[in-house]
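Novice:
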Amino acid sequence: PLAATQTDVDGHYQFNGLEPGQYYVRFITTTLPAAHRITPRGQGDDAATDSDADPTTGWVRNEDFLLSGQEHVDLDMGIFPLVSVGGRVWYDLNVNGLRDVDSEENAGIADIAVHLFYAATNQPVPDPLNPTASFVARTDAAGRYLFGNLIPGDYYVFFDPATFPADHLISLPHVGGALLDALNDSDADPNSGRTTTTGFLDGSETSLTLDMGLYSPVAVGGRVWLDANRNGLQEPLGMDGLRDTDDDEPSLGAVTVRIYKEGAPFVAVAETQTDADGSYIFARLPANSYVVEFDRATLPLGHQFTQRDAGADNIDSDADADSGLTAPTGPLTAGQRLLHIDAGIWEPVSVAGQVWYDLNNDGIQSARELLGAANITVALYAADAANAPLYSATTNARGQYAFNDLPPGDYVVDFDSATLPAGYQFTVRNTGGISGYYDSDVDPTNGRSGNTGFLFSGQNRRSIDAGIWLSTAVSGRVWLDQNGNGLQEAGEAGVANVAVTIFAEGSTEPIGTQRTDAAGAYRFANLPPASYYLYFDPATLPAGYEITTPNVTNGVPANTNPDAIDSDVNPSSGYSASTGQLRSGYQYAQLDMGVRTRAGVRIGDVVWRDSNANGRRESDEPGMANVRVELYRASAPTVLVAATQTDEGGNYLFEQLAADNYVVRFDPASFPNGYRLSNPQPGGSQADPQTGRTPATGALAANTQKLDLDAALYKPAELGGAAWIDANGNGLHEAGELALRNVTVELFYSDGRPTGQSVATDEDGSYLFDELVPGAYFVRFALPDGYRFSPTDAEILTRLEDESALLADDVDSDADAAGQTAAVTIASGQRYASLDVGAYIPLQIGAQIWFDANNNGRVDARENGLAGVVVQLTDLQNRLIATATTLLMAHISLKICRRAATPSSCHR
16 PLAATQTDVD GHYQFNGLEP GQYYVRFITT TLPAAHRITP RGQGDDAATD SDADPTTGWV
76 RNEDFLLSGQ EHVDLDMGIF PLVSVGGRVW YDLNVNGLRD VDSEENAGIA DIAVHLFYAA
136 TNQPVPDPLN PTASFVARTD AAGRYLFGNL IPGDYYVFFD PATFPADHLI SLPHVGGALL
196 DALNDSDADP NSGRTTTTGF LDGSETSLTL DMGLYSPVAV GGRVWLDANR NGLQEPLGMD
256 GLRDTDDDEP SLGAVTVRIY KEGAPFVAVA ETQTDADGSY IFARLPANSY VVEFDRATLP
316 LGHQFTQRDA GADNIDSDAD ADSGLTAPTG PLTAGQRLLH IDAGIWEPVS VAGQVWYDLN
376 NDGIQSAREL LGAANITVAL YAADAANAPL YSATTNARGQ YAFNDLPPGD YVVDFDSATL
436 PAGYQFTVRN TGGISGYYDS DVDPTNGRSG NTGFLFSGQN RRSIDAGIWL STAVSGRVWL
496 DQNGNGLQEA GEAGVANVAV TIFAEGSTEP IGTQRTDAAG AYRFANLPPA SYYLYFDPAT
556 LPAGYEITTP NVTNGVPANT NPDAIDSDVN PSSGYSASTG QLRSGYQYAQ LDMGVRTRAG
616 VRIGDVVWRD SNANGRRESD EPGMANVRVE LYRASAPTVL VAATQTDEGG NYLFEQLAAD
676 NYVVRFDPAS FPNGYRLSNP QPGGSQADPQ TGRTPATGAL AANTQKLDLD AALYKPAELG
736 GAAWIDANGN GLHEAGELAL RNVTVELFYS DGRPTGQSVA TDEDGSYLFD ELVPGAYFVR
796 FALPDGYRFS PTDAEILTRL EDESALLADD VDSDADAAGQ TAAVTIASGQ RYASLDVGAY
856 IPLQIGAQIW FDANNNGRVD ARENGLAGVV VQLTDLQNRL IATATTLLMA HISLKICRRA
916 ATPSSCHR
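The sequence shown: position 822 = 837 (the working numbering), numbered continuously.
And the structure:
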């Protein structure tokens, strides 16, 4: 500098003795009075009165050139004093809007951010050290703040709520009334945090009373959570320890919550909704006692409140299960925070399933097994109380049942086996895994499922199912394939005693073994639905037989299923093919096996004793041994091919024969004495009684057989009896009674046809029909003139004094009043000689009844008879035999006395 000086007490300065030239003046800003600043330069139109110094640097730029003797005495600088704005932030513990001196409220609140604004423009005051930033102060430990060195003006401050202690609010402002400048009131608006303005501050004025009181209001809050197990308690958080999506029991948002003052009209003080973490809070409440309502209508559909007060206040539920209202909080004081008014909710669970027909008994419900079983009783039990059913249901037409609106818990389902359709039982369980959706879940032995596992809120077990099945059966027949064509045909008999074993497909463990019955049939019943195969043991076939060709289709009659008449067994192994999967209740009845002679043609059958000579063999008719049987070719009927004898059972067999047409002859010379052949019958005896030969077999192909060439033998029967004179007419042939000869006897078949045979009784009264074919016959007697037939045993039975006198048929009379006997059946070789007949000549008893005038007991002359008198004839037991009435001459005649024990005992 060229020179330096200081202003005098009046603020004047002057540089003298300067040479002509151009000069600048600089006011050294560091020498300004404290808290002063240079005023803006060039203000107004009067250069003599304005300030010329740069407010920042203090420089005064002079553009004038001073000439000799010239002066420039208006290079001035104005300065002004700075102002200050400040105040204090404190805890308004009693929420009265005043900072109570000498109390805990005198302690300030530190670190509150305070922003300074120009009142005129509402713009923030720039930071003196960083003009691009707002001027912000923070309260110190005493709660004080200060904005110093301010340009005079009108200001206000803004207290930043983000820096307030948690949940604190601004107290009511200006409660001091007229004492607006009082040091102990609050000046900030509770809603905006902005104070009133300072008014214009000039000179060295300050405004250090822009204060703010903060208070912690009453707060009521809590949480709504999903009480998954309905125990009324909030369970631990998820694995990360935070309340979020992995919680055991998650929070529930969007539930409306209202708060009411206790005792006040039931009008909500405030209403809110729970946030995403289920929380809610009513944070600006005055001190009071409150009731909280959780709006049931805003719960998720189907949800309801859990039990209340089940545990500690910080983990239990406080809402009434019906209304959603809590109990009153009790009086809450300023700053008190009650943040555990909670509500647990839960959604009902359900257990459901279906009873279905498991057609293949695999325990899995396939797409084809949609048919359900209706009217099955299903009961639900709590898992820890399995003896007390909670509910019962019946399956619908689709086999479905459901237990809905259940509280969370662990359950067991019981299916009542007594209500299953007749014959059905439960299928295997859990073949789809423990939680399999399409499998059966019940124990086949008792119909009870395992535990559902704990069903938490909203969970459903809709697949507690039960499959049921009806047993299947596999059956068939082993038959004698006589012509070896592999097809069952009429007349081909069954083969007995063949061992048949059944296996499940894929297994070599036998399920059971049977022997075919007399008709060749077998049947495995009560089998579960599955696939099976059979083994027919070749070792149990009759000697010389083998299994016929299977699965023959050639020669099957039209409209006939080949499987119904073919053989189904592998001739090499004896094993059948698989039945395929047998569905529930299916009866597989066509697994058959044919057998044929192992080599050559076979011809044979049986010779039996034909007791009734009907040509058909009955079960009680035995075979006849040692009958010679001869075999001839039909083309050479006199050339013997082979001969054999029947065995003890009457059987015979020709084997290893060439294919041909044959005739069998049964040799009569070998028949037991007196036996002859019965007449042939279809399905019975085939031999001609005259020749002993059977019809020709027809052409028999190789490895075929003809095993129905039978012969029935019978021995002729005899039928006879005797005729006698029944002297006493009692129907019994007694000693001394004479034979009655020359009585004609005719023989009839039992159906009334005459046989054409008749004989006459000989000298001893006997007769006999011999050489009769066994069968049923009766005879008819023709008596000599004057004779009448004695009563049969049936007629005299009621008149015998001693019924033991009714003796055997060989002493009674068997002909009725017409002379005809009842039919009797005589068997082969039987002699029946008891068809007898008794005959007598009727006796006559007569007398006279008269008027014995002189009572001398004699009929005298002129003593007349008495007509119209009834006379009765009785036996010794006074049983009526006959009655008569006297005629005009008083005579009676009684010709009937044969019913008396003896003729001489008739009464006069």
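Even for Gly, the Cβ is constructed at its ideal location relative to N, Cα and C.
1) Cα separation between residue 779 and residue 756?
2) When the distance is taken between beta carbons, is residue 213 closer than 8 Å to residue 6?
3) Is it the case that the Cβ atoms of residue 901 and residue 860 are separated by a distance below 8 Å?
4) Assuming residue 104 and residue 123 are in contact, meaning their beta carbons sit under 8 Å apart, how far apart are those beta carbons, in whole angstroms?
5) In terms of residues, what are the limits of the alpha helix (DSSP H) holding residue 580?
6) Classify residue 578 as buried or exposed, calling it buried when 16 or more other Cβ atoms lie within 10 Å of its own Cβ.
7) Nearest by alpha-carbon distance to residue 388: which of 339, 397, 482 and 477 is it?
8) Kindly list the residues whose CB is nearer than 7 Å to the CB of residue 866, restricted to its own chain and excluding five residues on each side of it in sequence; keep chain order.
9) Kindly confirm or deny that the stretch 781-796 and the stretch 831-843 touch, where touching means at least three C-beta pairs closer than 8 Å.
10) Along the chain, which unbroken stretches of the beta strand (DSSP E) at least 3 residues long are found entirely within the stretch 849-893?
11) Could you tell me if residue 549 is buried or exposed, where buried requires 16 or more neighbouring beta carbons within 10 angstroms of its beta carbon?
12) Buried or exposed: residue 11, going by 16 or more other Cβ atoms within 10 Å of its Cβ?
13) Please report the Cβ distance between residue 546 and residue 593, rounded to the nearest whole angstrom; I am assuming they are in contact, meaning their Cβ atoms lie under 8 Å.
14) Using only the alpha-carbon positions, how far apart do residue 506 and residue 714 sit?
15) How would you label residue 127, buried or exposed, when you count the other beta carbons within 10 angstroms and need 16 or more for buried?
16) Residue 209 and residue 171 look like a contact to me (Cβ under 8 Å); what is the Cβ gap, rounded to whole Å?
17) Quick one: Cα of residue 642 to Cα of residue 661, how far?
18) Taking the C-alpha atoms as reference points, what is the distance between residue 809 and residue 827?
19) Name the two residues that bound the continuous beta strand (DSSP E) containing residue 660.
20) Which one of 188, 872 and 447 has the shortest CA to CA distance from residue 201?
21) With a threshold of 7 Å (Cβ to nearest heavy atom), would residue 479 be considered close to the ligand MG?
22) Taking the straight line between their C-alpha atoms, what separation do you get for residue 247 and residue 229?
23) Taking the DSSP output, what are the residues bridged to residue 440?
24) Answer yes if the stretch 44-58 comes into contact with the stretch 86-98, meaning at least three C-beta pairs across the two stretches below 8 Å, and no otherwise.
25) Looking only at its chain, what residues have a beta carbon closer than 6 Å to the beta carbon of residue 419, apart from the 5 residues adjacent to it on each side?
26) Would you kindly report the start and end of the unbroken beta strand (DSSP E) that includes residue 770?
27) Could you name the residues of the same chain whose beta carbon sits closer than 6 Å to that of residue 508, not counting the 5 residues immediately before and after it, in chain order?
28) Taking its Cβ as the centre, do 16 or more other Cβ atoms sit within 10 Å of residue 383, making it buried, or is it exposed?
29) What does residue 99 pair with, by DSSP beta-bridge criteria?
30) Which residues in the same chain as residue 86 place their Cβ atom closer than 6 Å to its Cβ, once the five residues preceding and following it in sequence are excluded?
31) Starting from the C-beta of residue 499, find all residues in its chain whose C-beta is less than 7 Å away, skip the five residues before and the five after it, and write them out in chain order.
32) Between the stretch 510-530 and the stretch 555-574, do at least 3 Cβ pairs fall closer than 8 Å?
33) What would DSSP say about residue 404, mapped onto helix, strand or coil?
34) Quick one: residues in its chain with C-beta nearer than 8 Å to the C-beta of residue 134, no 5 flanking neighbours on either side, listed in chain order?
35) If we ignore side chains and look at the alpha-carbon of each, how far apart do residue 76 and residue 38 end up?
36) Keeping to the same chain, check which residues put their C-beta closer than 8 Å to that of residue 58; ignore five residues upstream and five downstream.
Specialist: In brief:
1) Roughly 7 Å between the two C-alpha positions.
2) Residue coverage of the chain in this structure runs from 16 to 923, which leaves residue 6 outside it and unanswerable.
3) Against a cut-off of 8 Å, the Cβ pair of residue 860 and residue 901 comes out as no contact.
4) Contact between residue 104 and residue 123 holds, since their C-beta atoms are separated by about 6 Å, short of 8 Å.
5) In the DSSP assignment, residue 580 falls within the alpha helix (DSSP H) that extends over 577-580.
6) The residue is exposed, with fewer than 16 neighbouring Cβ atoms inside 10 Å.
7) Among 339, 397, 482 and 477, the Cα nearest to that of residue 388 belongs to 482.
8) 878, 879 and 881, listed in sequence order.
9) Because the criterion of three Cβ pairs below 8 Å is met, the stretch 781-796 and the stretch 831-843 touch.
10) Entirely contained in the stretch 849-893, the beta strand (DSSP E) runs reaching 3 residues are, in chain order, 852-855, 860-863 and 885-889.
11) By the neighbour-count rule (16 or more Cβ atoms within 10 Å), residue 549 is buried.
12) The structure shown has nothing for residue 11, since the chain only spans 16 to 923.
13) Confirmed, about 5 Å.
14) Separation of residue 506 and residue 714 (C-alpha to C-alpha, rounded to the nearest whole angstrom) is 17 Å.
15) By the 16-neighbour rule on beta-carbons within 10 angstroms, residue 127 is buried.
16) About 6 Å separates the two Cβ atoms, so the contact holds.
17) Straight across, the Cα-Cα distance linking residue 642 with residue 661 is about 5 Å.
18) The pLDDT assigned to residue 809 is 49, lower than 50, so where the model puts this residue is not dependable; a value taken from the coordinates is nonetheless given after this. A direct Cα-to-Cα measurement between residue 809 and residue 827 gives close to 10 Å.
19) First-last of the beta strand (DSSP E) with residue 660: 651-660.
20) Looking at the Cα atoms, 188 is the closest of the given residues.
21) Within the structure as shown, the ligand MG is missing, as the structure has no ligands at all.
22) In a straight line, the C-alpha of residue 247 is about 38 Å away from that of residue 229.
23) Residue 440 pairs with 484.
24) The stretch 86-98 is in contact with the stretch 44-58.
25) 365, listed in sequence order.
26) From DSSP, the beta strand (DSSP E) with residue 770 extends over 769-775.
27) Answer for residue 508: 495, listed in chain order.
28) A residue is called buried when at least 16 other Cβ atoms come within 10 angstroms of its Cβ; residue 383 does not meet this threshold and is exposed.
29) Looking at the DSSP assignment, residue 99 forms a beta bridge with 221.
30) Counting only Cβ-Cβ distances below 6 Å, and skipping sequence neighbours, we find nothing.
31) In chain order, 563, 611, 716, 718 and 719 place their CB closer than 7 Å to the CB of residue 499, counting only its own chain and leaving out the 5 sequence neighbours on each side.
32) Flag = yes, the stretch 510-530 and the stretch 555-574 touch.
33) Residue 404: strand per DSSP, three-state reduction.
34) Close CB contacts of residue 134 within its chain, under the 8 Å cut and outside five residues either way in sequence, are with 168, 169, 170, 171, 212 and 213 (chain order).
35) Whole-angstrom Cα-Cα distance: 8 Å.
36) Here residue 58 has 65 and 66 as same chain residues with Cβ atoms under 8 Å from its own Cβ, once five neighbours each way along the sequence are excluded.
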